[in-house]
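Worksheet: one structure, shown below.
Protein chains in written order, with the working numbering: chain A, 1 to 141; chain B, 1001 to 1074; chain C, 2001 to 2254.
Below you can see the structure in the form of structure tokens.
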């Protein structure tokens, strides 16, 4: 800051040029400040807005509850199906397996491996192709 | 009443299979974590395989849960 | 409420006791302590929101900025998850968030009843969310809402299987939503009670016991801090998931 003023005072001729370099220096500093601010805000939002950024305990509870809930719903539906139609153990067997698949699907949704409802990729596909769904990782919660 | 007791005991024994699945899951996640710590950059790419292994292993556990549920309510 | 017994029973705090017994036909519609604290939650939240925004200062006071921050927080959460079209659900999501948050925080006051540690309360809240999603989805999209269950790009043979899986996955949402909130609050309060019980039973052992009781006391202090965090976090998670489910009602085909 003091350097350009000093030299500009000594000689009249390079006044404009020196002023320009002064502005240039200011611009430089502004740009650097902006970069720092950008980096900081990006880091803040990446940490704060992402539900996955919370504690591992919370995430583990979330995933296991998603998985168990689907299995419970499957078992309940299977029991109700058998109770209503009297189809022996087969309703329970079928619906429990479906509930298990839904639980895996829930887990993959919760970790962002499969995009949300109605999107192209589904669980069956993922089993044959392991790299699927990594593009929208981090989007989902 | 005897048959009722046997049914509960059977359900309990069937649930032991879940313990096997639990051991397997522990191995899978432990090995994944070990591998991920050795080469963190490759960890994300293998997450699909982790879920696949989890699904297959847990499916066997679900079979025994199924037997237990059938013994209880079937 | 009502923890006069000398032995520590960690479950006792969740017992529901009728305050004003009301009986209609075969139904027990008593005004219980759960009802009392739900009412208290609503009153506390409403009075707080009303009083803090009553002056409507251009330069907000501290309390007013708390309210404004809460508003902004929920609004940005909903806008991020469900787009600007989702803002019509803002009153609903805001009410849910504030209700769960205030109920969780009220439960942290000693001798107060924790409403959100009752599974029927959390289940009712989550059923409200899911029914809103289903009703609004059918109202807006008609049968097109069913596209939610049919993902694109699946071979025809697999469609019935995938649809069944998707339906079960959808049905498991209210269960996991309610069980998560319920289990977190229940487990947290039981843990607090158990560690608080250690202090009492150690303290009755004489001088050595009192010295030893310092450890569980520190634990209880730490756990109380953690529980306040959990109270906020669970309200946040509940609201975020509500926003995501509402997004499905607004854009079923995505």
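The C-beta atom is built at its ideal place from N, Cα and C for all residues, glycine as well.
Would you mind giving the Cβ-Cβ distance between residue i and residue j, rounded to the nearest angstrom? I have them listed as a contact below 8 Å.
i	j	result
residue 2163 (chain C)	residue 2248 (chain C)	15 Å between Cβ atoms; not a contact.
residue 2189 (chain C)	residue 2081 (chain C)	In fact, because the Cβ distance is near 30 Å, the residues do not count as touching under 8 Å.
residue 2109 (chain C)	residue 2174 (chain C)	Not really, about 29 Å apart at Cβ, beyond 8 Å.
residue 2016 (chain C)	residue 2032 (chain C)	5 Å
residue 92 (chain A)	residue 1070 (chain B)	6 Å
residue 2242 (chain C)	residue 2093 (chain C)	6 Å
residue 2113 (chain C)	residue 2231 (chain C)	With a Cβ gap of about 14 Å, residue 2113 (chain C) and residue 2231 (chain C) do not count as contacting.
residue 66 (chain A)	residue 2176 (chain C)	5 Å
residue 2125 (chain C)	residue 2044 (chain C)	Residue 2125 (chain C) to residue 2044 (chain C), Cβ: 17 Å. No contact.
residue 2149 (chain C)	residue 2170 (chain C)	7 Å
residue 74 (chain A)	residue 90 (chain A)	Going by Cβ atoms, the distance from residue 74 (chain A) to residue 90 (chain A) rounds to 14 Å, so no, they are not a contact pair.
residue 1014 (chain B)	residue 1068 (chain B)	4 Å
residue 2216 (chain C)	residue 2202 (chain C)	7 Å
Note the first and the last residue of the continuous beta strand (DSSP E) segment covering residue i.
i	result
residue 2174 (chain C)	Where residue 2174 (chain C) is concerned, there is no enclosing beta strand (DSSP E), although the alpha helix (DSSP H) it sits in stretches over 2159 to 2203.
Name the residue from the options whose alpha carbon lies nearest to the alpha carbon of residue i.
i	options	result
residue 2009 (chain C)	C:2096, C:2173, C:2196 and C:2089	C:2196
residue 95 (chain A)	C:2166, C:2119 and C:2211	C:2166
residue 1060 (chain B)	B:1051, B:1018 and B:1011	B:1018
residue 57 (chain A)	C:2215, C:2221 and C:2180	C:2180
residue 1028 (chain B)	B:1012, B:1016 and B:1046	B:1046
residue 2074 (chain C)	C:2236, C:2120, C:2216 and C:2019	C:2236
residue 2141 (chain C)	C:2018, C:2014 and C:2251	C:2251
residue 2042 (chain C)	C:2182, C:2060 and C:2101	C:2101
residue 1022 (chain B)	B:1041, B:1039, B:1054 and B:1004	B:1054
residue 2198 (chain C)	C:2050, C:2218 and C:2187	C:2218
residue 1062 (chain B)	A:86, A:71, A:77 and A:59	A:71
residue 2233 (chain C)	A:76, A:83, A:87 and A:62	A:62
residue 98 (chain A)	C:2161, C:2051 and C:2138	C:2161
residue 2067 (chain C)	C:2040, C:2095 and C:2089	C:2095
residue 2020 (chain C)	C:2225, C:2014, C:2030 and C:2013	C:2030
residue 2090 (chain C)	C:2135, C:2036 and C:2071	C:2071
residue 2123 (chain C)	C:2225, C:2146, C:2098 and C:2172	C:2172
residue 2018 (chain C)	C:2103, C:2024, C:2226 and C:2036	C:2036
residue 1025 (chain B)	B:1057, B:1067, B:1068 and B:1066	B:1057
residue 2185 (chain C)	C:2104, C:2087 and C:2097	C:2104
residue 2168 (chain C)	A:105, A:111 and A:112	A:105
residue 68 (chain A)	A:102, A:37, A:32 and A:111	A:102
Starting from residue i and walking both ways along the alpha helix (DSSP H), at which residues does that stretch end?
i	result
residue 2119 (chain C)	2119 to 2141
residue 2016 (chain C)	It is not in any alpha helix (DSSP H) - residue 2016 (chain C) carries neither H nor E in the DSSP assignment.
residue 65 (chain A)	56 to 85
residue 2084 (chain C)	Note, residue 2084 (chain C): premise wrong, no alpha helix (DSSP H); not H, not E.
residue 88 (chain A)	Segment: none, residue 88 (chain A) is in no alpha helix (DSSP H) and carries neither H nor E.
residue 2148 (chain C)	Premise fails: residue 2148 (chain C) is in no alpha helix (DSSP H) and is neither H nor E.
residue 2033 (chain C)	2033 to 2054
residue 1007 (chain B)	1002 to 1014
residue 1051 (chain B)	1047 to 1073
residue 2093 (chain C)	2090 to 2107
residue 1040 (chain B)	1040 to 1043
Cβ of residue i versus every heavy atom of the ligand ATP: is any distance shorter than 7 Å?
i	result
residue 2095 (chain C)	This structure does not include the ligand ATP; it has no bound ligands of any sort.
Are the C-beta of residue i and some C-beta of chain F separated by less than 8 Å?
i	result
residue 75 (chain A)	Here the protein chains are A, B and C, and chain F is not one of them.
Interface positions of the region 2161 to 2172 of chain C facing chain A (Cβ-Cβ less than 9 Å), listed along the chain = 2161, 2162, 2164, 2165, 2166, 2167, 2168, 2169, 2170, 2171 and 2172
Positions along the region 1058 to 1074 of chain B whose CB lies within less than 7 Å of some CB in chain A = 1059, 1062, 1066, 1069, 1070, 1073 and 1074
What residues from the region 96 to 108 of chain A come within 8 Å of chain C, judged by C-beta to C-beta, listed N to C?
-> 98, 99, 101, 102, 103, 105 and 106
Could you pull out every unbroken alpha helix (DSSP H) segment of at least 4 residues lying fully inside the region 2212 to 2250 of chain C, listed in chain order?
-> 2214 to 2250
Just by C-beta distance, which residues in the region 2094 to 2105 of chain C are closer than 9 Å to chain A?
-> If the cut-off is 9 Å between Cβ atoms, the region 2094 to 2105 of chain C has nothing near chain A.
Could you please tell me which residues of the region 83 to 97 of chain A, in chain order, have their CB closer than 7 Å to any CB of chain B?
-> Correct list: 89, 92, 93 and 96.
Interface positions of the region 2119 to 2140 of chain C facing chain A (Cβ-Cβ less than 8 Å), listed along the chain = Legend: CB atoms of the region 2119 to 2140 of chain C lying less than 8 Å from CB atoms of chain A are not found in any residue.
Select from the region 56 to 71 of chain A all residues with a C-beta closer than 9 Å to any C-beta belonging to chain C, and list them in chain order.
-> Cβ contacts with chain C: 58, 61, 62, 65, 66, 67, 68, 69, 70 and 71.
Mind checking the region 2174 to 2196 of chain C against chain A and listing, in chain order, the residues whose C-beta falls within less than 8 Å of any C-beta there?
-> Flagged, chain order: 2175, 2176, 2179, 2180, 2183 and 2184.
Positions along the region 1010 to 1025 of chain B whose CB lies within less than 7 Å of some CB in chain A = none
Could you list the residues in the region 2205 to 2233 of chain C with a C-beta less than 7 Å from some C-beta on chain A, going in chain order?
-> From the region 2205 to 2233 of chain C, only 2233 have a Cβ closer than 7 Å to chain A.
What are the residues of the region 1033 to 1053 of chain B that lie near chain A, defined by any Cβ-Cβ distance shorter than 9 Å?
-> 1044, 1045, 1046, 1047, 1048, 1049, 1051 and 1052
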